[in-house]
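As you go down the protein sequences, you meet chains A and S in turn. Counting from 58, one number per residue, gives the positions in the first sequence under my numbering. Counting from 58, one number per residue, gives the positions in the second sequence under my numbering. Here a beta-carbon is modelled for each residue, glycine too, at the ideal position from N, C-alpha and C. One structure is given below, encoded as C-alpha cells.
There are 2 protein chains.
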Amino acid sequence: MPVSDLTNSAQDYLKLIWTATEWSTTPITVTVLAERMGVRPSTVSDSIKKLKDQGLLTHAPYGTIELTPAGSAHAVDMVRRHRLLETFLVQVLGYGWDEVHDEAEVLEHAVSDTMIERIDQHLGHPTRDPHGDPIPSADGQPHRPGAIQLGHAEPISEVTVVRISDADPAMLRYFSDIGLTPDAQLTIHQQRPYTDTTTITLSGQQKNIDLGPAASSAVWVTTSLINSRHGQEHIVETTTGESSARK
Amino acid sequence: MPVSDLTNSAQDYLKLIWTATEWSTTPITVTVLAERMGVRPSTVSDSIKKLKDQGLLTHAPYGTIELTPAGSAHAVDMVRRHRLLETFLVQVLGYGWDEVHDEAEVLEHAVSDTMIERIDQHLGHPTRDPHGDPIPSADGQPHRPGAIQLGHAEPISEVTVVRISDADPAMLRYFSDIGLTPDAQLTIHQQRPYTDTTTITLSGQQKNIDLGPAASSAVWVTTSLINSRHGQEHIVETTTGESSARK
DNA sequence: GTTCAATGTTAGTCTTGCCGAACTTGGATG
DNA sequence: CATCCAAGTTCGGCAAGACTAACATTGAAC
Ligand SMILES: [Mn+2]
Ligand SMILES: [Mn+2]
Ligand SMILES: [Mn+2]
Ligand SMILES: [Mn+2]
Chain A
58 MPVSDLTNSA
68 QDYLKLIWTA
78 TEWSTTPITV
88 TVLAERMGVR
98 PSTVSDSIKK
108 LKDQGLLTHA
118 PYGTIELTPA
128 GSAHAVDMVR
138 RHRLLETFLV
148 QVLGYGWDEV
158 HDEAEVLEHA
168 VSDTMIERID
178 QHLGHPTRDP
188 HGDPIPSADG
198 QPHRPGAIQL
208 GHAEPISEVT
218 VVRISDADPA
228 MLRYFSDIGL
238 TPDAQLTIHQ
248 QRPYTDTTTI
258 TLSGQQKNID
268 LGPAASSAVW
278 VTTSLINSRH
288 GQEHIVETTT
298 GESSARK
Chain S
58 MPVSDLTNSA
68 QDYLKLIWTA
78 TEWSTTPITV
88 TVLAERMGVR
98 PSTVSDSIKK
108 LKDQGLLTHA
118 PYGTIELTPA
128 GSAHAVDMVR
138 RHRLLETFLV
148 QVLGYGWDEV
158 HDEAEVLEHA
168 VSDTMIERID
178 QHLGHPTRDP
188 HGDPIPSADG
198 QPHRPGAIQL
208 GHAEPISEVT
218 VVRISDADPA
228 MLRYFSDIGL
238 TPDAQLTIHQ
248 QRPYTDTTTI
258 TLSGQQKNID
268 LGPAASSAVW
278 VTTSLINSRH
288 GQEHIVETTT
298 GESSARK
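See the structure below:
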C-alpha cells in the first residue's frame, strides 16, 4: 500500500498518467509521456511494461495506457504529496508559486509519510495548492471541480479562476503581475477564433487584457451559471464526473 | 562546486568520512564505512575507488582514506544540509530529536541549495542542531568546540553537555526522559573502570545516575576548566584544531 | 621470523534506468 | 485497397550500485 516501495521513476510515471486525465479526457500516449518525463519513447515503452508486470496499469502493445485501481491509488498519493509540498513551500518558506513545482518534483519522493502528515497538520489540512489544484485527502479522495479552459469560456460571461497549470514558471510570473491568480474573478469579453486570443477584464480593473492560446489554455475557470450574463454550458459542478465544453 | 552533481551515495560517503573524524582522531576504515552505509566491504572498496578517480579523496590499496580539499568541501556542505534539516524538523514541524536523523538522511539529498538557504533564514541561522552538533556556515566553516566523551571526563568535575550522538533513537528517548540534553549541566562522580560505568548527577537533581559504556561514549561534555572543581585537561576551545583528551 | 585471521580488494553477476538502432504496427491518405 | 509514415516496440549496450565468492595483504601472536 505505501508508495515507498516504488522507484522514483515509477512514482513519476503513475503521477503523470493520472494527472494527464485530471483536466482533460484525451488518453495519454507514449510520446507525450516521454516528453514530460524527459526520456526517449523506448525508455517509456520499457518502463510501461514493468509497471504492467507490477499490476499498476493495463496496456496492450500499441494500445492505450490505463491505471489499475492499485496504480491509481499510488498516483493519487503522489499527487497529494506534490501539492501539499508546493503549498508548504509557499506558506511556510515564502517561495513564489512559480518556484515550487521543480522543488516539489524532487521532494515528493524523499519525504516520509509521517512528514507529509505533519505538513498537512501544520497547514490546517489545505484543500488546494498554490495553483488552485485540489489536494487529494489522505484517504485518496480527489475532489475535482468542474472547470473549462479560459479559451473555451463563453463570451460574455463572468467567471472565477479555478486553477492555473504550473508547467511554465515564466507564465506564472506574468499572471502574478497582472493579478490573474486562483479565485480571481474576470469577465470574458471575446474569443477571436483566427488570432486565437481571448479578451478579458479582471474584476476591479478597467483594462482589457488579450491572452494568447498558451495562456488561455493554462487557465481553467468555472463552468457554472453563477455570475454569468448570457446563457452558456449548463454544467453542474461534480466531484467525480467529467466536465465537457462545447466547442 | 555544488554538491548536486554527485550521486546520493557519493554524498553519503563523503559526509560519513568527514564526520568520522569530527569527534575522534582514529582514521576511518572500510569495514566501519560498510557498517555505517549498510553495504558490504566490497561495495565500499569499489565506491572509494570511484571517489578517488573523481579527486575527492586519497587512498592507496590497504591504506588510509583521506578527503581532499574538494571532497571535504562537499562533505561539509552535506553536514550543513543534514543538521539544518534536523533543526528545521524539530523547530517547525514538531519532530522529536530522536525522529529527525533518518528523515534528514534522505532529505539532505533532495532539497535544493535555495531551500537550504530559506530554511537557514527561517530558523535565524542556527549554529547547533538538536543533538548539539555544530552547523557549518554557508561558507564551509565548521566550528568545532573542544569536547570529550562523558566516559573520559575526570571525576569529580562539573561539566556541560556539548553534543549527543544521534545514532541510537532509543537512547535519545532515554536521555530525554532523564533530562540529559545538550547544554545540560551535570556532575561526574565516579568512573568505574571494570564495570565501565560513569556515575553522574544532573544539576538541580539529587538522584545519581549510572551510565554504561554505550551511553557514556555517546555523550560529549566540555573540556574547559570552567565549573570544574579538580584540575583536569586544560584544553582551550578552538574552531579548527583537534581536541585530544588524556587517557 | 612464521603463521594465520581479520581486513581489504578483485572479478563476475544482477537490477534499474537510460540510450540508439532497427524493427513492427496501424491508421491516414490517395 | 495499397501505401507509407509516425508512433510504438524490441534489442543490445552502458553506467551505477549492489551482491557473492575468491583472492591478496597486513600485522599481531606465537
Ligand atoms: Mn517527481
Ligand atoms: Mn501545483
Ligand atoms: Mn544520506
Ligand atoms: Mn544531528
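Can the beta-carbon of residue i be found closer than 9 angstroms to that of residue j?
{"i": "residue 254 of chain S", "j": "residue 268 of chain S", "result": "yes"}
{"i": "residue 147 of chain A", "j": "residue 154 of chain A", "result": "yes"}
{"i": "residue 225 of chain A", "j": "residue 161 of chain A", "result": "no"}
{"i": "residue 74 of chain A", "j": "residue 124 of chain A", "result": "yes"}
{"i": "residue 102 of chain S", "j": "residue 206 of chain S", "result": "no"}
{"i": "residue 149 of chain A", "j": "residue 179 of chain A", "result": "yes"}
Which residues in the same chain have their Cβ closer than 8 angstroms to the Cβ of residue i, if we skip the five residues on either side of it in sequence?
{"i": "residue 97 of chain A", "result": "91"}
{"i": "residue 219 of chain S", "result": "189, 202, 204, 239, 277, 278, 279"}
{"i": "residue 235 of chain A", "result": "259, 266"}
{"i": "residue 87 of chain A", "result": "98, 101, 102, 105, 122"}
{"i": "residue 262 of chain S", "result": "236"}
Evaluate residue i with the Cβ neighbour count: other Cβ atoms within 10 Å of its Cβ, from every protein chain shown; 16 or more gives buried, anything less gives exposed.
{"i": "residue 196 of chain A", "result": "exposed"}
{"i": "residue 62 of chain S", "result": "exposed"}
{"i": "residue 213 of chain S", "result": "exposed"}
{"i": "residue 126 of chain S", "result": "exposed"}
{"i": "residue 285 of chain A", "result": "For residue 285 of chain A, the pLDDT reaches just 41, beneath the cut-off of 50, and the residue's location in the model is therefore unreliable, leaving the point undetermined."}
{"i": "residue 152 of chain A", "result": "buried"}
{"i": "residue 2 of chain A", "result": "There is simply no residue 2 of chain A to check, as chain A begins at 58 and stops at 304 in what is shown."}
{"i": "residue 174 of chain S", "result": "exposed"}
{"i": "residue 64 of chain A", "result": "exposed"}
{"i": "residue 156 of chain A", "result": "buried"}
{"i": "residue 230 of chain A", "result": "exposed"}
{"i": "residue 184 of chain S", "result": "exposed"}
{"i": "residue 144 of chain S", "result": "buried"}
{"i": "residue 227 of chain S", "result": "exposed"}
{"i": "residue 95 of chain S", "result": "exposed"}
Could you spell out where the beta strand (DSSP E) holding residue i opens and where it closes?
{"i": "residue 276 of chain A", "result": "276-279"}
{"i": "residue 267 of chain S", "result": "266-268"}
{"i": "residue 262 of chain A", "result": "Element bounds for residue 262 of chain A: n/a, residue is neither H nor E."}
{"i": "residue 121 of chain A", "result": "Unbroken run through residue 121 of chain A: none, as it is neither H nor E."}
{"i": "residue 214 of chain S", "result": "214-221"}
{"i": "residue 243 of chain S", "result": "242-249"}
Within the same chain, show all residues whose beta-carbon is closer than 7 angstroms to that of residue i, passing over the 5 residues directly before and after it, in chain order.
{"i": "residue 305 of chain A", "result": "What the structure shows of chain A is the stretch from 58 to 304, and residue 305 of chain A is not part of that stretch, so it cannot be assessed."}
{"i": "residue 135 of chain S", "result": "60, 68, 71, 72, 165"}
{"i": "residue 140 of chain S", "result": "186, 190, 192"}
{"i": "residue 121 of chain S", "result": "84"}
{"i": "residue 132 of chain A", "result": "71, 72, 74, 75, 124"}
{"i": "residue 232 of chain S", "result": "221, 238"}
{"i": "residue 111 of chain A", "result": "none"}
{"i": "residue 169 of chain S", "result": "none"}
On the three-state DSSP scale, how would you describe residue i?
{"i": "residue 209 of chain A", "result": "helix"}
{"i": "residue 149 of chain S", "result": "coil"}
{"i": "residue 127 of chain S", "result": "helix"}
{"i": "residue 97 of chain S", "result": "coil"}
{"i": "residue 139 of chain S", "result": "helix"}
{"i": "residue 204 of chain S", "result": "strand"}
{"i": "residue 114 of chain S", "result": "strand"}
{"i": "residue 144 of chain A", "result": "helix"}
If you drop the 5 nearest sequence neighbours on each side, which residues of the same chain put their C-beta closer than 6 angstroms to that of residue i?
{"i": "residue 283 of chain S", "result": "Note that residue 283 of chain S scores 46 on pLDDT, short of 50, meaning its location in the model is unreliable and no value can be drawn from it."}
{"i": "residue 265 of chain S", "result": "256, 258"}
{"i": "residue 223 of chain S", "result": "158, 188"}
{"i": "residue 247 of chain A", "result": "212, 256"}
{"i": "residue 208 of chain S", "result": "255, 273, 274"}
State the start and end residues of the unbroken alpha helix (DSSP H) segment that holds residue i.
{"i": "residue 89 of chain S", "result": "87-94"}
{"i": "residue 175 of chain S", "result": "170-179"}
{"i": "residue 158 of chain A", "result": "157-164"}
{"i": "residue 230 of chain S", "result": "226-235"}
{"i": "residue 76 of chain S", "result": "65-77"}
Exercise answer, beta-carbon shell around ligand 5 heavy atoms below 5 angstroms: Only ligand 1, ligand 2, ligand 3 and ligand 4 can be found as ligands here, which leaves ligand 5 out of the picture.
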